[in-house]
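Numbering (UniProt numbering), first residue to last: 1 to 141.
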């Protein structure tokens with residue numbers, strides 16, 4: 001299986017800009033640029049897209065792992081905080097912190113934490129990132 005994302009850029013790094021699109025059309029020429037990446041300008045940026053992808057992937061992985069234990073979540077809410085730092089080698093995504101809240105009838109906090117850890121390790125986006133991945137997982141009552 002292959003999924004396709006694409007981007008087009010025009011101009012210099014600071015004054016130029018680009019668009020990002022997805023094969024499904026969910027993103028279609030979404031703007032991105034220096035200001036949306038390094039300042040508070042409008043548009044998206046690669047790091048927030050990686051965060052959204054990681055949050056979505058993790059949530060699906062956790063739902064699958066819960067299902068394997070005969071548990072069905074009422075909800076799983078995941079936020080992925082992607083850290084971009086400047087190193088001697090250039091800008092690097094060095095860490096992602098997952099913040100997870102879920103309501104899962106029939107389980108306890110310890111079991112939930114164990115299953116969430118498995119999902120964090122097994123999520124395909126977690127495995128592709130060369131970054132430290134940490135997590136706070138909270139089971140809502």
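Backbone N, C-alpha and C define an ideal beta-carbon position, used for all residues, glycine too.
All figures in this text were calculated on a predicted structure; none of them were measured in a lab.
Excluding five sequence positions before and after residue 132, the CB atoms of its chain that fall closer than 6 Å to its own CB belong to 95, given in chain order. Residues of the same chain with a CB within less than 8 Å of the CB of residue 11, apart from the 5 flanking positions on each side, are 17 in chain order. Annotated as distal: residue 118 and residue 98, with beta-carbon spacing of 8 Å or more. Contact between the region 78 to 86 and the region 47 to 58 is present, with at least three C-beta pairs closer than 8 Å. The criterion of a C-beta distance shorter than 8 Å is not satisfied by residue 102 and residue 86. DSSP places residue 36 in no beta strand (DSSP E) but in the uninterrupted alpha helix (DSSP H) bounded by 34 to 38. CA-to-CA, the gap between residue 60 and residue 90 works out to about 32 Å. Within the region 33 to 107, the complete alpha helix (DSSP H) segments at least 4 residues long are 34 to 38 and 46 to 68, listed from N- to C-terminus. Looking at the DSSP output, residue 20 bridges to 7 and 30. Non-local beta-carbon contacts of residue 34 in its own chain, meaning distances under 7 Å to residues more than five positions away in sequence, involve 13 and 14 in chain order.
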